[in-house]
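There are 2 protein chains.
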Amino acid sequence: MENAPPALDGVEKIRRAAADLFGERGFDAVSIAHIAERAGSSKANIFHHFGSKEALYFAVLREAVDRSTDHFRDAMRAELDPSQRVERAIRGSLTVLFEDPERSRLIFREIMESGPCRAEALANEVFGDDFIALTRLFADVQAGDEAGQGMSPSFLAHVLLSSNVMLFHCHQVLRHLPGGGYADEQERYITMLRDVLLRSMRAQKETNA
Amino acid sequence: MENAPPALDGVEKIRRAAADLFGERGFDAVSIAHIAERAGSSKANIFHHFGSKEALYFAVLREAVDRSTDHFRDAMRAELDPSQRVERAIRGSLTVLFEDPERSRLIFREIMESGPCRAEALANEVFGDDFIALTRLFADVQAGDEAGQGMSPSFLAHVLLSSNVMLFHCHQVLRHLPGGGYADEQERYITMLRDVLLRSMRAQKETNA
DNA sequence: GACTCCGCTGACCAATCGATCAGTCAGCCC
DNA sequence: GGGCTGACTGATCGATTGGTCAGCGGAGTC
Chain A
1314 MENAPPALDG VEKIRRAAAD LFGERGFDAV SIAHIAERAG SSKANIFHHF
1364 GSKEALYFAV LREAVDRSTD HFRDAMRAEL DPSQRVERAI RGSLTVLFED
1414 PERSRLIFRE IMESGPCRAE ALANEVFGDD FIALTRLFAD VQAGDEAGQG
1464 MSPSFLAHVL LSSNVMLFHC HQVLRHLPGG GYADEQERYI TMLRDVLLRS
1514 MRAQKETNA
Chain B
1314 MENAPPALDG VEKIRRAAAD LFGERGFDAV SIAHIAERAG SSKANIFHHF
1364 GSKEALYFAV LREAVDRSTD HFRDAMRAEL DPSQRVERAI RGSLTVLFED
1414 PERSRLIFRE IMESGPCRAE ALANEVFGDD FIALTRLFAD VQAGDEAGQG
1464 MSPSFLAHVL LSSNVMLFHC HQVLRHLPGG GYADEQERYI TMLRDVLLRS
1514 MRAQKETNA
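As they're listed, the protein sequences go chains A and B.
Under the working numbering, the first residue of the first sequence is numbered 1314, with each subsequent residue one higher.
Under the working numbering, the first residue of the second sequence is numbered 1314, with each subsequent residue one higher.
This is how it looks when you write it as C-alpha cells:
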C-alpha cells in the first residue's frame, strides 16, 4: 500500500523544507534551524547530508531549475494555428510560474542576484532552452503569416516572459491598481497578451517616423 | 565654499549607506555593523537616529519611492506625436530604473516580498500615480488615433513596465541568450518595444478566432 | 564657570547564526 | 556474534546578530 507516496526519506524532506523556506524568504532570512524544524530533522543532520548551507541552497536551486524546464517544454508541443500556439505558450509559461510559487521565486531571486560571472552560466544552462523554444515559436508563426515580419522573435519572447513574470511577482500589487483587474482574470489576461503579441507580428512598417 | 555639496551630515550618510547596501543585498543580508562601517559611523549612532533596523529600512524605502515617482512624472510631460510620446514613456521609465539601481532593486524587492496586507498600500501610495499617468498616456494616444481602440490602456502600461523591469533586473542574463543582444542596445530595445505597443493599439479586431 | 542639550562612541548584552563534535542507533555483510 | 556503514542527534563552539547603556565632548546659554 505504501508505493504511491514514496514515504519521503529524510533527505527529500530536508530538500522540500529548504525549497519552501528559501523560496518564501530568501537565502539569508532562513536559518538551518528553521529548515531542520520544518523537515522534522536536526541541524546536524542537514550538515551531514549537504555539507553547508550554501550547498543545500544550490542543490535546491538546481533541482527547481531542472523541473521548471521540463514543464515548460511540455507546454509548447502542440501544432495549432498561430493564435492558439501563442496562447498556449502564454498559458504554459504562466502555469510553470504559478504551480510552484516557491520554486519560481527561488529561481527569479537567483537571476536578480547573480553577478556577471554566474549570469552567463544561468543563461546557458537554465533558461537558454526555453528561450530558444519560445523564439522559434514566434519565428514559425511569423513565417507562416504572409502579412509581415519585422519584429524580432526573441524580443517577442522577452515581452511574453516579462509580462508573465511581472504578473506572477507583482499580482498582489497589480490587482489594486486602477485598471489592474486583469491580475485576477487569467483568461482575460491571456487574451490581451496574445493580442498584443499577434498584432505586433502582423502589422507592418507603418510605425516608422 | 562648502555650500553646493551640503557636507552630508551624519544622518544622511547613514541613509545613503543603508540604501546602497539594502539595495545590493536585501534586508537580511545586511547588518547594522556593515552600514555603520560604510557610513563612517557607529552602530549605536544608527540606533540613536533610527531606533531599529526595520525603521531604518522603511525610512530608506520611503525616500527611494518618493524620489522615484518624482523622476517618472518629469519624464512624461511632453506633448508630441504618439510614436514620440510612447518612446518617451519607455525611455523615462528606463532612466528611472537604471540611474539608481540600488533604489530600483530596493523597491522591487519590497513588491515581491509584500504580502496581501502591504500590497494594497504599496499600490496606492507608491505606484498608483505612475501607473495612472501611463494608462492615461495610452488612452490619449489611442483616442487621437482613428484606427482602433480595443486594447486596454492599463494593460499596455503593464506590458511597458514589465518589459522594462525585466530588462533592468535580468539584463546580465538576457544578453547571453540567443537573440538577446537588445539587452545591450538601449535604442534598439526602445524602438522595438515602442513598435510592439503602437501596433497593439492600431491593429483592429483581426485577431479574433 | 556651571548648566543643559545633542550627536556620537566603546563596551557590553542575550540571542541566534553556521558549523563541528562525539556519540547513539539500526541495518547489513561475513 | 563481530565489524562496519551511514542516518541521525544533543551539546557545544566561536562569531555575529540586533539592540542597550553610560558616558564623552563640543556648542550654546545663563
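Just so it is clear, CB atoms sit at the ideal spot from N, CA and C, and this is done for glycine as well.
Does DSSP put residue i in a helix, in a strand, or in coil?
i, result
"Asp1322(B)", "coil"
"Phe1363(B)", "helix"
"Asp1341(A)", "coil"
"Arg1351(B)", "helix"
"Ser1427(A)", "coil"
"Met1514(A)", "helix"
"Met1479(B)", "helix"
"Pro1466(A)", "helix"
"His1489(B)", "coil"
"Asp1379(B)", "helix"
"Glu1498(A)", "coil"
"Arg1328(A)", "helix"
"Leu1393(B)", "coil"
"Asp1443(A)", "helix"
"Asp1453(A)", "helix"
Using alpha carbons as the reference points, say which of the options lies closest to residue i.
i, options, result
"Glu1415(A)", "Glu1367(A), Asp1442(A), Ser1381(A), Glu1400(A)", "Ser1381(A)"
"Met1505(A)", "Leu1473(A), Ile1345(A), Asp1443(A)", "Leu1473(A)"
"Ser1406(B)", "Asp1322(B), Ala1496(B), Ser1476(B)", "Ser1476(B)"
"Ala1368(A)", "His1482(A), Ala1332(A), Ala1434(A), Ser1467(A)", "Ala1332(A)"
"Gly1492(B)", "Glu1325(A), Cys1483(A), Ser1467(A)", "Ser1467(A)"
"Tyr1370(B)", "Val1343(B), Ala1496(B), Cys1483(B)", "Val1343(B)"
"Ser1365(A)", "Ile1327(A), Ala1432(A), Gln1397(A)", "Ile1327(A)"
"Val1509(B)", "Ile1403(B), Phe1340(B), Phe1363(B)", "Ile1403(B)"
"Thr1408(A)", "Arg1507(A), Gln1499(A), Ser1513(A)", "Gln1499(A)"
"Phe1481(B)", "Ile1345(B), Gly1457(B), Ser1417(B)", "Ser1417(B)"
"Gly1323(B)", "Glu1350(B), Arg1515(B), Ala1436(B), Glu1426(B)", "Glu1350(B)"
"Gly1339(B)", "Arg1515(B), Phe1421(B), Ser1465(B)", "Phe1421(B)"
"Arg1501(A)", "Tyr1495(B), Ser1465(B), Phe1335(B)", "Ser1465(B)"
Could one say the Cβ of residue i lies closer than 8 angstroms to chain A's Cβ atoms, at least one of them?
i, result
"Asp1453(B)", "no"
"His1347(B)", "no"
"Asp1508(B)", "yes"
"Thr1382(B)", "no"
"Arg1401(B)", "no"
"Phe1440(B)", "yes"
"Phe1468(B)", "yes"
"Ser1365(B)", "no"
"Pro1414(B)", "no"
"Arg1512(B)", "yes"
"Gly1492(B)", "yes"
"His1362(B)", "no"
Can you find a C-beta in chain B that's less than 8 angstroms from the C-beta of residue i?
i, result
"Glu1433(A)", "yes"
"Phe1444(A)", "yes"
"Tyr1370(A)", "no"
"Gln1499(A)", "no"
"Ala1342(A)", "yes"
"Ile1503(A)", "no"
"Asn1437(A)", "yes"
"Thr1408(A)", "no"
"Ile1420(A)", "no"
"Val1354(A)", "The amino acid at residue 1354(A) is misidentified as Val; the sequence shows Ser. No, no contact with chain B."
Please check the pair residue i and residue j, which I expect to be a contact at CB under 8 angstroms, by giving their CB distance rounded to whole angstroms.
i, j, result
"Leu1419(A)", "Leu1374(A)", "6 angstroms"
"Val1378(A)", "Met1479(B)", "Going by Cβ atoms, the distance from Val1378(A) to Met1479(B) rounds to 18 angstroms, so no, they are not a contact pair."
"Val1399(A)", "Val1486(A)", "Val1399(A) to Val1486(A), Cβ: 26 angstroms. No contact."
"Pro1395(B)", "Leu1511(B)", "7 angstroms"
"Ala1446(B)", "Arg1386(B)", "7 angstroms"
Buried or exposed, going by whether 16 or more other CB atoms sit within 10 Å of the CB of residue i?
i, result
"Asp1413(A)", "buried"
"Met1314(A)", "With a pLDDT of only 34 at Met1314(A), under 50, the local geometry of the prediction cannot be trusted, and no value is derived from it."
"Ala1470(B)", "buried"
"Ala1357(A)", "exposed"
"Gly1353(B)", "exposed"
"His1361(B)", "exposed"
"Glu1423(B)", "buried"
"Asp1497(B)", "exposed"
"Leu1435(B)", "buried"
Is any non-hydrogen atom of the ligand FMN found closer than 7 angstroms to the C-beta of residue i, if you look at the structure I gave you?
i, result
"Glu1376(B)", "Among the ligands in the structure shown, none appear at all, so the ligand FMN cannot be discussed."
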